[in-house]
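3 is the number of the first residue of the sequence shown in our numbering; add one for each residue after it.
Cβ atoms here follow ideal geometry from the backbone N, Cα and C, with glycine treated the same way.
In what follows, a single structure is set out as structure tokens and then discussed.
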Amino acid sequence: MYIPFENLPEESKIWIYQSNRKFSDAEFSEIETALQSFLEGWAAHGTSLESSYQLKYNRFIIIAVNQDIQAATGCSIDSSVEFIQSLEKKYNVDLLDKMNVTFKLGEHIAHKPLIDFKKMVKDKAVTENTIVFNNLVNNIEEYNESWEVPAMDSWHSRFF
3 MYIPFENLPE ESKIWIYQSN RKFSDAEFSE IETALQSFLE GWAAHGTSLE SSYQLKYNRF
63 IIIAVNQDIQ AATGCSIDSS VEFIQSLEKK YNVDLLDKMN VTFKLGEHIA HKPLIDFKKM
123 VKDKAVTENT IVFNNLVNNI EEYNESWEVP AMDSWHSRFF
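Printed below as a string of structure tokens:
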């Protein structure tokens with residue numbers, strides 16, 4: 003059961019998928035339609051999941067579920083991953099590779115393999131103050147407070 007993102011409680015579980023390339027506005031519009039349709043029917047053990055999404059920067063897909071109503075279970079999580087994999091195939095993108103880093107270079111959103119990000123740190127092309135996207139946040143509260151942060155305030159700080 004889809005509900006507006008702002009209506010979910012802050013402790014709602016989230017999953018963040020980052021694309022290895024920017025989606026076009028038309029692609030993002032199609033993804034939004036498909037995502038809303040998926041969430042309308044998303045269920046765990048036959049019980050609808052109170053869920054929502056956000057799409058950010060033509061690059062990120064954020065899915066959230068209110069686990070107080072009904073927790074996402076193995077099968078329901080598997081179905082969401084299958085949905086994401088279908089988007090990967092349709093748009094020829096990578097959304098599941100966690101060994102990539104997305105960060106801001108001025109107003110530009112950059113996406114690099116972790117090894118390249120480490121080299122950029124060594125070369126001082128990025129600093130502790132570079133804004134990174136901490137996709138390891140677990141719930142809406144963490145997402146609101148700690149998703150888009152200086153590298154020194156996230157797991158990326160280990161590279162400095």
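Could you please give the first and the last residue of the uninterrupted alpha helix (DSSP H) stretch that includes residue i?
| i | result |
| --- | --- |
| Val123 | 116-124 |
| Phe40 | 27-43 |
| Asn146 | 142-148 |
| Val83 | 76-93 |
Can you tell me whether residue i is buried or exposed, with buried defined as 16 or more other CB within 10 angstroms of its CB?
| i | result |
| --- | --- |
| Glu52 | buried |
| Met122 | buried |
| Arg61 | buried |
| Leu98 | exposed |
Going by DSSP, what residues sit across from residue i in a beta bridge?
| i | result |
| --- | --- |
| Ile18 | Ile64 |
| Tyr55 | Ile65 |
| Lys100 | Lys100 pairs with nothing; no bridge assigned. |
| Thr49 | Ala46 |
| Phe105 | Ala112, Val134 |
Using a Cβ-Cβ cut-off of 7 Å (strictly less than) and excluding sequence neighbours within five positions of residue i, which residues of its own chain qualify?
| i | result |
| --- | --- |
| Val134 | Val103, Phe105, Val151, Ala153, Ser156, His158 |
| Met101 | Pro115, Leu116 |
| Ser78 | Trp44, Ala45, Ala46, Leu51 |
| Leu138 | Trp157 |
Taking 8 Å as the cut-off, decide whether the C-beta atoms of residue i and residue j are in contact.
| i | j | result |
| --- | --- | --- |
| Trp44 | Ser82 | yes |
| Phe40 | Phe85 | yes |
| Leu10 | Ala46 | no |
| Gln72 | Thr49 | yes |
| Arg160 | Val95 | no |
| Pro12 | Ile142 | For the record, residue 12 in the displayed sequence is Glu; it is not Pro. Against a cut-off of 8 Å, the Cβ pair of Ile142 and Glu12 comes out as a contact. |
| Ser54 | Tyr19 | no |
| Asn146 | Ile16 | no |
Going along the chain, which residues of its own chain have a beta-carbon closer than 8 Å to the beta-carbon of residue i, five neighbours each way excluded?
| i | result |
| --- | --- |
| Ile33 | Phe25, Leu57, Ile63, Leu89, Tyr93 |
Leaving out five residues before and five after residue i in sequence, what residues of the same chain have Cβ atoms less than 6 Å from its Cβ?
| i | result |
| --- | --- |
| Phe119 | Val103 |
How would you write the range of the beta strand (DSSP E) that residue i sits in, first residue to last?
| i | result |
| --- | --- |
| Val134 | 133-135 |
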